[in-house]
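Novice:
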Amino acid sequence: MRNVPTHATTPLPIVLAGARGHGRWHLANIRRLQHQGLVRLAGVCELNPLTDTELEAFAGEMPEQSGDFGALLDSTGARAAVICTPIPTHTALALTAAARGVHLLLEKPPAATFDDYARMADGVREAGIACQVGFQSFGSHAVPAVKELVRSGAIGELKGIGAAGAWVRDDLYFRRAPWAGRRRLGTTDVVDGVLTNPLAHAVATALELADRGTAEDVLSIETELFRAHDIEADDTSCVRVTTTGGLPVTAAVTLCAEQAGEPYVIVHGDRGRITFWYKQDQVLVQRAGHGPEETVHGRSDLLENLVGHLVRGTALLVPPERTGAFMRVVEAVRTAPEPAALPQDVWHTLPAGTGDGVRRVVPGIDALVAAGADTLSLFSELGAPWARHSEVSTP
Numbered sequence: 033m034r035n036v037p038t039h040a041t042t043p044l045p046i047v048l049a050g051a052r053g054h055g056r057w058h059l060a061n062i063r064r065l066q067h068q069g070l071v072r073l074a075g076v077c078e079l080n081p082l083t084d085t086e087l088e089a090f091a092g093e094m095p096e097q098s099g100d101f102g103a104l105l106d107s108t109g110a111r112a113a114v115i116c117t118p119i120p121t122h123t124a125l126a127l128t129a130a131a132r133g134v135h136l137l138l139e140k141p142p143a144a145t146f147d148d149y150a151r152m153a154d155g156v157r158e159a160g161i162a163c164q165v166g167f168q169s170f171g172s173h174a175v176p177a178v179k180e181l182v183r184s185g186a187i188g189e190l191k192g193i194g195a196a197g198a199w200v201r202d203d204l205y206f207r208r209a210p211w212a213g214r215r216r217l218g219t220t221d222v223v224d225g226v227l228t229n230p231l232a233h234a235v236a237t238a239l240e241l242a243d244r245g246t247a248e249d250v251l252s253i254e255t256e257l258f259r260a261h262d263i264e265a266d267d268t269s270c271v272r273v274t275t276t277g278g279l280p281v282t283a284a285v286t287l288c289a290e291q292a293g294e295p296y297v298i299v300h301g302d303r304g305r306i307t308f309w310y311k312q313d314q315v316l317v318q319r320a321g322h323g324p325e326e327t328v329h330g331r332s333d334l335l336e337n338l339v340g341h342l343v344r345g346t347a348l349l350v351p352p353e354r355t356g357a358f359m360r361v362v363e364a365v366r367t368a369p370e371p372a373a374l375p376q377d378v379w380h381t382l383p384a385g386t387g388d389g390v391r392r393v394v395p396g397i398d399a400l401v402a403a404g405a406d407t408l409s410l411f412s413e414l415g416a417p418w419a420r421h422s423e424v425s426t427p
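In terms of this note's numbering, the sequence shown opens at residue 33 and continues consecutively.
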């Protein structure tokens with residue numbers, strides 16, 4: 033392992049693997065931190081190199097480019113890397129970095145299968161490198177604030193956690209990449225479903241607020257997976273995780289919403305509830321004997337936190353072990369029966385918000401998703417006529 037500095041000296045040389053799509057956000061964030069003198073973009077790993085226009089913000093010091101991640105880490109002397117590539121590539125690239133002592137920010141989901149996740153986690157631990165998983169909501173200062181409210185008994189005894197996500201995605205979204213909306217490509221698992229990728233934060237944040245984020249915290253998982261779009265994976269689904277302490281954690285999500293809404297997590301107590309809109313860092317506390325209390329919190333950037341960990345020993349916000357329970361959910365979705373196609377009479381199409389695409393809408397799904405989070409119930413238990421209960425998965 034390369035030596036970890038104990039104080040800031042020179043900017044940390046960093047390589048970005050996957051700089052298009054969501055990778056553009058990472059590129060801009062690296063530029064922000066480079067401007068602060070914390071990092072330096074040393075390399076970009078893309079099969080098709082970025083153009084000068086795409087890299088114009090780095091015109092003063094253009095990064096090296098290569099489609100070979102390992103070779104690029106070697107030639108640049110990178111100390112850290114951001115991996116924002118297709119899900120099935122995460123484990124191999126993470127282990128490539130680990131073998132070179134290069135620290136990581138690894139996009140979510142960390143892997144497509146639990147075995148790959150375990151292999152990755154073991155590899156980075158044995159290499160002694162720092163690995164941060166890209167669940168950005170864990171950087172919200174609302175997360176420890178909500179946990180402290182629960183610990184203090186503000187809402188009484190904890191009864192369960194619910195999560196809801198109602199998003200709109202059109203048919204072009206599922207054609208953005210060969211792996212989009214797929215459960216597998218040939219023999220390679222992809223698991224690009226609504227629970228495991230676009231609204232993965234809803235699931236992971238609910239487990240985090242339950243303080244049950246490790247793989248060992250999961251007793252059983254119930255899934256109900258459906259699709260309105262003509263895809264392999266699920267776009268309208270719910271899951272209920274029962275923790276080893278018996279606490280239910282339920283998430284109900286869709287990409288076929290009537291109206292796009294902000295996803296949120298509800299922490300249920302026997303004397304009140306806490307609602308957390310995790311993309312907005314907004315918290316609403318409702319409890320017996322008090323008026324509603326609303327607060328907005330700050331947020332720590334995950335890459336900046338990783339740099340702080342390497343330079344000052346700051347604790348990592350999202351080490352791999354804190355995503356083990358989420359990966360149990362990924363595995364349950366991966367091994368569940370194929371998502372059921374919703375009957376054509378329960379959805380209709382509307383024009384996409386932009387471009388020439390169309391989107392599929394399931395009438396009533398917004399209310400159903402909200403009810404799932406509110407009552408900790410699955411779609412079948414809420415009386416959805418198209419819903420059927422899936423098998424229970426026990427890790």
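Beta carbons: idealized from backbone N, C-alpha and C, even for Gly.
Quantities reported herein were computed from a predicted structural model and do not represent experimental measurements.
Compute the Euclidean distance between the alpha carbons of LEU338 and GLY387, then round it to the nearest angstrom.
Specialist: For the purposes of this step, residue 338 is taken as residue 306 along the sequence shown, with counting starting at 1. For the purposes of this step, residue 387 is taken as residue 355 along the sequence shown, with counting starting at 1. Approximately 38 Å, taken between the alpha carbons.
Novice: Is it right to say PRO37 is buried, meaning 16 or more other beta carbons lie within 10 angstroms of its own, or is it exposed?
Specialist: Counting from one through the sequence shown, the residue named residue 37 turns up at place 5. Summary for PRO37: the model assigns pLDDT 42, below 50, so the residue's position carries little reliability, and this model does not support an answer.
Novice: Cα separation between CYS288 and VAL393?
Specialist: Counting from one through the sequence shown, the residue named residue 288 turns up at place 256. Counting from one through the sequence shown, the residue named residue 393 turns up at place 361. The alpha-carbon atoms of CYS288 and VAL393 are separated by roughly 5 Å.
Novice: Counting pairs of beta carbons, one from the stretch 326-344 and one from the stretch 59-76, are three or more of them closer than 8 Å?
Specialist: The stretch 326-344, when compared against the stretch 59-76, does touch it at the 8 Å Cβ threshold.
Novice: Do the stretch 233-249 and the stretch 318-328 meet, that is, are 3 or more Cβ pairs less than 8 Å apart?
Specialist: No, because fewer than three Cβ pairs between the stretch 233-249 and the stretch 318-328 fall closer than 8 Å, the two stretches do not touch.
Novice: Kindly provide the ranges of any alpha helix (DSSP H) runs that are 4 or more residues long and lie completely inside the stretch 110-140, ordered along the chain.
Specialist: Those alpha helix (DSSP H) runs which fall completely within the stretch 110-140 and span 4+ residues are 122-130.
Novice: Do THR246 and ARG354 have their C-beta atoms within less than 8 Å of each other?
Specialist: Within the sequence shown, the letter at position 214 stands for residue 246. Within the sequence shown, the letter at position 322 stands for residue 354. Yes. Within cutoff.
Novice: Measure the alpha-carbon distance for ARG360 versus ALA103 and round it to whole angstroms.
Specialist: For the purposes of this step, residue 360 is taken as the residue at position 328 of the sequence shown. For the purposes of this step, residue 103 is taken as the residue at position 71 of the sequence shown. Each residue's Cα considered, the two are about 33 Å apart.
Novice: Given this structure, state the Cα-to-Cα distance separating LYS311 from PRO427, to the nearest angstrom.
Specialist: On the sequence shown, position 279 is the one that residue 311 refers to. On the sequence shown, position 395 is the one that residue 427 refers to. So the two alpha carbons sit approximately 30 Å from each other.
Novice: Hey, quick one: how far does the beta strand (DSSP E) through PRO280 stretch, first residue to last?
Specialist: Taking the first residue of the sequence shown as position 1, residue 280 is located at position 248. Element bounds for PRO280: 280-286.
Novice: Between GLY225 and SER269, how many whole angstroms is the CB-CB distance? I'm expecting something under 8 Å.
Specialist: Here residue 225 refers to the residue found at position 193 when the sequence shown is read from its first residue. Here residue 269 refers to the residue found at position 237 when the sequence shown is read from its first residue. At roughly 7 Å, the Cβ-Cβ gap stays under 8 Å, so GLY225 and SER269 are in contact.
Novice: If you measure from the beta carbon of LEU48 to each beta carbon in chain C, is any gap under 8 Å?
Specialist: This model lacks chain C altogether; it includes just one protein chain.
Novice: With three or more C-beta pairs closer than 8 Å as the rule, is the stretch 72-82 touching the stretch 46-62?
Specialist: Yes, the stretch 46-62 touches the stretch 72-82.
Novice: Between LEU127 and ILE115, is the Cβ-Cβ spacing less than 8 Å?
Specialist: Looking up residue 127 in the sequence shown gives position 95. Looking up residue 115 in the sequence shown gives position 83. No. Outside cutoff.
Novice: Is the beta carbon of ALA177 less than 8 Å from the beta carbon of VAL285?
Specialist: For the purposes of this step, residue 177 is identified with residue 145 of the sequence shown, where counting begins at 1. For the purposes of this step, residue 285 is identified with residue 253 of the sequence shown, where counting begins at 1. No; because the gap between Cβ atoms is not below 8 Å, this pair is not in contact.
Novice: Around the C-beta of GLY98, are 16 or more other C-beta atoms found within 10 angstroms, so that it is buried, or is it exposed?
Specialist: Translated into positions along the sequence shown, residue 98 becomes position 66. Correcting the residue identity first, residue 98 is Ser in this sequence and not Gly. Buried, since its Cβ has 16 or more Cβ neighbours within 10 Å.
Novice: Report yes or no: do three or more beta-carbon pairs, one from the stretch 126-142 and one from the stretch 151-163, lie closer than 8 Å?
Specialist: Short answer: they touch.
Novice: Is the number of C-beta pairs between the stretch 361-369 and the stretch 250-262 that are closer than 8 Å three or more?
Specialist: Touching, yes.
Novice: Between which two residues does the alpha helix (DSSP H) containing TRP309 stretch?
Specialist: For the purposes of this step, residue 309 is taken as residue 277 along the sequence shown, with counting starting at 1. First-last for TRP309: 304-309, but that is the beta strand (DSSP E), not the alpha helix (DSSP H).
Novice: Taking 8 Å as the threshold (C-beta atoms), are ARG215 and ALA265 in contact?
Specialist: Locating residue 265 in the sequence shown gives position 233, counting from the first residue. Locating residue 215 in the sequence shown gives position 183, counting from the first residue. Yes, the Cβ-Cβ distance between ALA265 and ARG215 is below 8 Å.
Novice: Please classify ILE435: does DSSP put it in a helix, a strand, or coil?
Specialist: What the structure shows of the chain is the stretch from 33 to 427, and residue 435 is not part of that stretch, so it cannot be assessed.
Novice: Considering only C-alpha positions, which residue in the set VAL175, ARG207, THR108 is nearest to GLY389?
Specialist: The sequence position of residue 389 within the sequence shown is 357, counting from 1. Checked all of VAL175, ARG207, THR108; the closest Cα to GLY389 is ARG207.
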